[in-house]
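Going by the numbering used here, the sequence shown opens with residue 10, and the numbers climb by one from there. For every residue, glycine included, the Cβ atom is placed at its ideal position computed from N, Cα and C.
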Amino acid sequence: MISKTNVFLLLLLMIVAGNANSQTCAGSIGDPVKSYDFGRGPSDRGPAIPDKTNYEYDNVDVPNDGQYAIIKTTAGMSHVTQRNWLAVNNHTPNDPDGYMMLINADEFEAGLFYQETITGLCPGTTYDFGAWIINVMAKPGIRPNVRFIIETTSGAPIKQFDTNPIPEGSSTDWKRYSTTFTTGANIDEVVVKIMNNGLGGGGNDFALDDITFSICGPTIIPSIDGIVTPNKSLCIGETRNVDLSAEPTPGVYTNPQYLWQEMDASGVWQDMPTETTNKYTRPFVNAAVGSYKYRLLVAENGNINSPNCRANSPTFELNVSPLPAIPIANEPRIVCVGDPIQLSVSNASSYKWTFPDGSNSDQQSPIINNATANMAGTYTVTVTNDAGCEASTSTTVTVVTRPVAIIDPVVPICKGSAVTLNASGGNTYRWVPANGLSATDIPNPEASPAKTTTYTVYASNGSCESSAQITVEVFKDLVVTAGPDIKIIKGNKVDIKGTVRGDNIGQIFWTPADYLDDPFKLNPIAKPPVSTTYTLNVLSSAGCTSSTDEVFVKVYEKLIVPNSFSPNGDGVNDIWNIIAIDTYANPKVKIMNRYGQLMFQSDGYGKPWDGKHENQDVPAGVYYYMIYLEPGLKPLTGSLMVIR
């Protein structure tokens, strides 16, 4: 029989232990024995929960002190638009229609937020009790301080902990607060509570969601084929065994018991009664595409069939993926020696090319420069999808020796002449440019370009081609200029200014050779007594067309200009008669006195000067004349004595 003193001491120890800080489960948390997320629905607000809280339900807008609301989000509430609260959504993952509990803590009484009785527990088993909480205050104020309580159904405390003040943050700063405890030898049900540990007023407003009560088992380390991981990728059609192993941390269970489960097509875990060790071999025969999920349950011996008393390993997920689409490689191709080999493939996320020599490349479109004969063969590409499944295809590369194009040498030609171009080394030929060619697709076309031209021939063997070049030099035409026509007075001599340009200048000679100092030089001196046309002849040393040009040398009679006359009316030398001036077409004569005054002027000299100026005899004396004979001839000048 236990004395009252012993009972008191036992309760005291339980209370001291129960006021500890939050203690998170360090092992594996099993499926929830009890969970509560406040439900979900199409309306913005959910129903009241009077059986779980002693706070007053608000279904209008913002709950006042001592009130709560079941809502999806605080967005749109007046406190949010006034920027007192954050726009917070419910915490339940991937459930925008889920509800949360929004609490405005009472200003004077602590109050009970949530209460639940948990039954069907196993004695001597560790459990985890926790919930997600967020401070909805957008401005500094009284911070929420929440107390988690675990007690017997008779009210005896087992464990309690406080969150301590929860700070302000952003609208996504949800945090899970939890603790663990171990049931006594005779405890199979408990009461869990979440209460206010601080007063309301200016703050202490928060949201509560996703409350869970789960077993806290040992840490369970998953391995597949000896590698620590819960995941494995396979490919369709594989036949192999996959070894699963889950190792619980020793010391948690005195005599652990195991049971494997498999998830069925509807997502429900099904027991595998024959698999009762911590290892399981999953055989695959011609594996079908799908996701195969397994887990190991661990409990103290005798509790394995009680869902409230067993922990579970992380979920093993064996994913069988389809093969990637068969890659599309380039068609078989012929490559010439020295050219690059360019490969290409599509329909994959990763690539591996294997070349005939055993080397490889992980590029999608590798380029192999400077192909040689030993690079011919089959090129295989293997593509891999994200699951590691492979598919292959190949293409064939033939490396062909390139022909050697040759063109026979040719000699220069005269303009207007032709020369045959002879090419060899290929089966077909292509000449460029086409200018001056008799044909562009034969090995031996006639070439008659108008000017020096370089031709390229491409010789092909049907797969590859090479090129060669030949320059057909066309001699430039001889361009001969005998010079401008010349005027001289009989007895004078003149240089004839002949010029010649072009290729292969040969013999140069003038015809006629009369009155030339040397008819075989380009610029002879001419002194013809009469007007003469001379022809400059230039021959090509290469036998091309010769060229000629003419120059006309006009020879005028030499004038006899008297240096005096006596216009006194005696019939002798009464006029200034210039002998031979009548042989000129339009001479001009000017006579001036010593002061530069014009005494006489005439166009033509049909009427010689008679010694008068304005019908008056000029005084005897010296006068000066200028005689303009022809354009291009130097004027004649001198003095004239008038004698009276």
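Considering only the beta carbon of each residue, do residue i and residue j sit closer than 8 angstroms?
| i | j | result |
| --- | --- | --- |
| E247 | I230 | no |
| W440 | T429 | no |
| E639 | K530 | no |
| V354 | Q373 | yes |
| T655 | T134 | With the chain represented from 10 up to 653, any question about residue 655 goes unanswered, as that position is not in the structure. |
| A432 | V409 | no |
| D218 | M110 | yes |
| G226 | A320 | yes |
| S44 | A96 | no |
| K424 | V346 | no |
| I175 | N205 | no |
| I151 | Y108 | no |
| G511 | L487 | yes |
| S330 | N394 | yes |
Using a 10 Å radius around the Cβ and a threshold of 16 neighbouring Cβ atoms, would you call residue i buried or exposed?
| i | result |
| --- | --- |
| M650 | exposed |
| E623 | exposed |
| A468 | buried |
| P51 | exposed |
| V631 | exposed |
| L607 | exposed |
| G641 | exposed |
| D579 | exposed |
| Q270 | buried |
| N103 | exposed |
| E455 | exposed |
| D46 | buried |
| F574 | buried |
| I534 | exposed |
| N15 | Bear in mind that the predicted position of N15 carries a pLDDT of just 34, short of 50, making it unreliable; the figure below should be weighed with that in mind. Exposed, because fewer than 16 other Cβ atoms sit within 10 Å of the Cβ of N15. |
Roughly how many whole angstroms lie between the Cα atoms of residue i and residue j?
| i | j | result |
| --- | --- | --- |
| K563 | P644 | 16 angstroms |
| T646 | P421 | 58 angstroms |
| F17 | S163 | At F17 the pLDDT is 28, less than 50, meaning the model places this residue with poor confidence; the figure from the coordinates comes in the next sentence. If you take the alpha carbons of F17 and S163, they lie about 15 angstroms apart. |
| K485 | E559 | 21 angstroms |
| N30 | V155 | At N30, the pLDDT of 47 sits below 50, so the modelled position is not reliable; the number obtained from the coordinates is stated separately. Distance between the alpha carbons of N30 and V155 is about 12 angstroms. |
| N339 | S476 | 28 angstroms |
| A459 | G500 | 48 angstroms |
| P528 | A522 | 5 angstroms |
| W362 | P336 | 12 angstroms |
| D214 | M146 | 6 angstroms |
| V390 | T172 | 59 angstroms |
| N73 | T221 | 27 angstroms |
| G129 | A165 | 18 angstroms |
| S549 | V509 | 11 angstroms |
| R653 | N546 | 59 angstroms |
| P323 | T62 | 34 angstroms |
| I416 | C473 | 18 angstroms |
| I38 | A400 | 41 angstroms |
| P341 | T480 | 39 angstroms |
| S370 | Y388 | 11 angstroms |
| A9 | D40 | This structure gives no information on residue 9, because the portion of the chain shown stretches from 10 to 653. |
| G434 | P452 | 9 angstroms |
| G260 | C244 | 39 angstroms |
Kindly indicate which residue of the options has the alpha-carbon position closest to the one of residue i.
| i | options | result |
| --- | --- | --- |
| Y633 | Q625, W618, G641 | W618 |
| N317 | V503, V42, V488 | V42 |
| D252 | P292, S223, G276 | P292 |
| W141 | Y123, G129, P149, C131 | Y123 |
| P64 | G55, V71, G75, D70 | Note that residue 64 is Tyr in the sequence shown here, rather than Pro. Ranking the options by Cα distance to Y64, first place goes to G75. |
| V406 | M384, A427, K424 | M384 |
| V307 | P341, Y565, L268 | L268 |
| L446 | T437, T463, G434, G435 | T463 |
| N113 | P102, P105, D70 | D70 |
| N93 | K148, N394, K506, A78 | K148 |
| P628 | V419, T82, N577, I587 | N577 |
| S187 | Y136, T228, D197, L208 | Y136 |
| E116 | L208, D67, D46, Y77 | L208 |
| I588 | Y604, D395, M601, I636 | I636 |
| W519 | T542, N513, V503, I498 | T542 |
| G515 | S556, A334, Y524 | S556 |
| W278 | N264, Y262, K302, T258 | K302 |
| V298 | S254, S242, T258 | S242 |
If we define contact as Cβ-Cβ less than 8 angstroms, is residue i a contact residue for chain D?
| i | result |
| --- | --- |
| G435 | Chain labels in this structure do not include chain D; a single protein chain is all it has. |
Segment contact flag, the stretch 582 to 598 with the stretch 608 to 617, C-beta cutoff 8 angstroms, min 3 pairs: Counting Cβ pairs under 8 angstroms, three or more are found: they touch.
The stretch 272 to 289 / the stretch 297 to 314 touching (three or more Cβ pairs under 8 angstroms): Note that the stretch 272 to 289 touches the stretch 297 to 314; at least 3 beta-carbon pairs, one per stretch, sit closer than 8 angstroms.
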